[in-house]
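Asks: Quick note on numbering: this note's numbering labels position 52 of the sequence shown as 52, and the sequence is numbered without any gaps.
Starting off with a structure, shown below.
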Amino acid sequence: MTFKPKIELHLHLEGAAPPEFIRRLAGEKKVDLAGVFDERGSYDYKDFEGFLKVYEAATAVLQSPDDYGRLTRTVLEASREQGVVYTEAFLSPDFCGGRDVSAWREYLHAMQEAAQSVDGIEMRGIVTCIRHFGPEKAREAAICARETAGDFVTGFGMGGNEAVLSQADFAWAFDCARESGLGLTTHAGEFGGPESVRDALDTLRVTRIGHGVRAIEDLALVDRLIEDDITLEVNPGSNVALGVYRDWAAHPIERLRERGVKVTVSTDDPPFFHTDMTREYDMLERTFGWDDEVFRAVNRTAAEAAFCDAPTRAKLL
Ligand code: ADE
Ligand code: ZN
């Protein structure tokens, strides 16, 4: 029996789409998904760049607010099954109406309505820009975030290929989001090394880092994460599946936690990595001996770092 209730802070909505969901929608819309699935019906990729390509190809079947509403419902029902009571999902204006603010509002309305229809789990949206799409598109995504910031959209973030451009190239988008009162997070220290995490802190002034695990390669940076009260959204199963670490035993989550870094546990893109929150918890228990006391502390850390209002946080604590 894994620990419940769970809080998840790092989940890409499209990346949580079950393969069957994408295949059904592709059938309805007559979209060709050649190369997206392997012979067993799983998402098919060999490395991170291949993963990003397959992710974007699968996302191409999501073409309307209604599709995103259906996806939101499916994803939240699956998360609730795992004992998740609160989740923050990355939502992409790039895929939802091409960063047009009025189209984005319609997609968002469908996602919010779907989220409210699923009892027993709360969701908040982190509007995300995509690094390899470049700073101009990020600027438009930030404007979508600014125009819809509120009870449901509570954060702004960046995913995508960390090898492309630098964190600083996206400072305008993050400044805009900060001025709109949004919580800030960016992917760093996943495929990039400690310097990428440092850049994120210096130039984007985020309070959370997506992954951040490669900070372990620079202990002065680890000290800074502690001093600056930064929370890491760690996705161990994702890191192992994408080859950042060779296996669970090599993953630094326990070393980071032991040193005093605030770590939380999420799944990133669960069906792509053949994982879910129960498997992540089981593997942490099996690999590092985490018990209910550790899981309780990790979920408390997640509640404290959540991009939600005080009454919602109080219910999670
Ligand atoms: N988008 C979806 N999953 C991602 C990951 N693990 N890293 C960067 N961008 C992503
Ligand atoms: Zn991610």
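Ideal Cβ positions, reconstructed from N, Cα and C, are used throughout, including at glycine.
Can you pull every residue whose C-beta falls closer than 6 Å to some heavy atom of the ligand ZN, listed in chain order?
Replies: The answer, residue by residue, is H10, H12, G159, H187, G210, D268.
Asks: By the three-class DSSP mapping on this structure, what secondary structure does L242 have?
Replies: Of the three classes helix, strand and coil, the one that applies to L242 here is coil, per DSSP.
Asks: State yes or no: is the C-beta of E88 within less than 8 Å of the C-beta of G155?
Replies: Closer than 8 Å, so yes.
Asks: Which residue from R139, E162, G134, G125 puts its Cα closest to that of A149?
Replies: For the residues R139, E162, G134, G125, the minimum Cα distance to A149 belongs to G125.
Asks: Whole angstroms is fine: what's the gap from T207's alpha carbon to R198's?
Replies: T207 and R198: Cα-Cα distance of roughly 12 Å.
Asks: Excluding the five sequence neighbours on either side, which residues of its own chain have a C-beta within less than 7 Å of the C-beta of K318, listed in chain order?
Replies: Because residue 318 is not part of the residues shown, which for the chain are 1 to 317, the question remains open.
Asks: Between the alpha carbons of A115 and Y107, how many angstroms are there, rounded?
Replies: Rounded to the nearest angstrom, the two C-alpha atoms are 12 Å apart.
Asks: With 16 other CB atoms within 10 Å as the buried threshold, where does H251 fall?
Replies: Buried.
Asks: Shortest alpha-carbon distance to D169 belongs to which of H187, G181, A138, R178?
Replies: That would be A138, whose Cα lies nearest to the Cα of D169.
Asks: Using only CA atoms, which one of A78, V240, L256, D202 lies nearest to V222?
Replies: Of the listed residues, the one whose Cα sits closest to V222 is L256.
Asks: Looking only at DSSP bridge pairs, what is F307 linked to?
Replies: In DSSP, F307 forms no bridge with anything.
Asks: Are the beta-carbon atoms belonging to G159 and T128 less than 8 Å from one another?
Replies: Yes, the pair counts as a contact, with Cβ atoms nearer than the cut-off.
Asks: Short check: CB of G83 to CB of K4, under 8 Å?
Replies: Against a cut-off of 8 Å, the Cβ pair of K4 and G83 comes out as a contact.
Asks: Classify K315: buried if its beta carbon has 16 or more other beta carbons within 10 angstroms, exposed otherwise.
Replies: Exposed is the call here.
Asks: Got a sec: does the ligand ADE put a non-hydrogen atom nearer than 7 Å to the Cβ of Y45?
Replies: Y45 Cβ: outside cutoff for every heavy atom of the ligand ADE.
Asks: What residue range does the beta strand (DSSP E) around R195 cover?
Replies: According to the sequence displayed, residue 195 carries Glu and not Arg. No beta strand (DSSP E) holds E195; the alpha helix (DSSP H) holding it covers 194 to 199.
Asks: Determine the closest residue to V85 out of D309, N299, T231, A305, with distance taken between C-alpha atoms.
Replies: The candidate whose alpha carbon is nearest that of V85 is N299.
Asks: In whole angstroms, what separates the C-alpha of L76 from that of V118?
Replies: Taking the straight line joining both Cα atoms gives about 7 Å.
Asks: When DSSP builds the beta bridges, which residues end up paired with G157?
Replies: DSSP, once it has assigned bridges, lists T128, T185 as partnering G157.
Asks: Between the alpha carbons of S42 and P18, how many angstroms are there, rounded?
Replies: So the two alpha carbons sit approximately 9 Å from each other.
Asks: What does the Cβ neighbour count give for V244, buried or exposed, with the cut at 16 atoms within 10 Å?
Replies: Buried, by the Cβ-count rule.
Asks: Can you list the beta strand (DSSP E) stretches of 3 or more residues lying completely in the region 49 to 130, in chain order?
Replies: List check, beta strand (DSSP E) in window: 84 to 91, 122 to 130.
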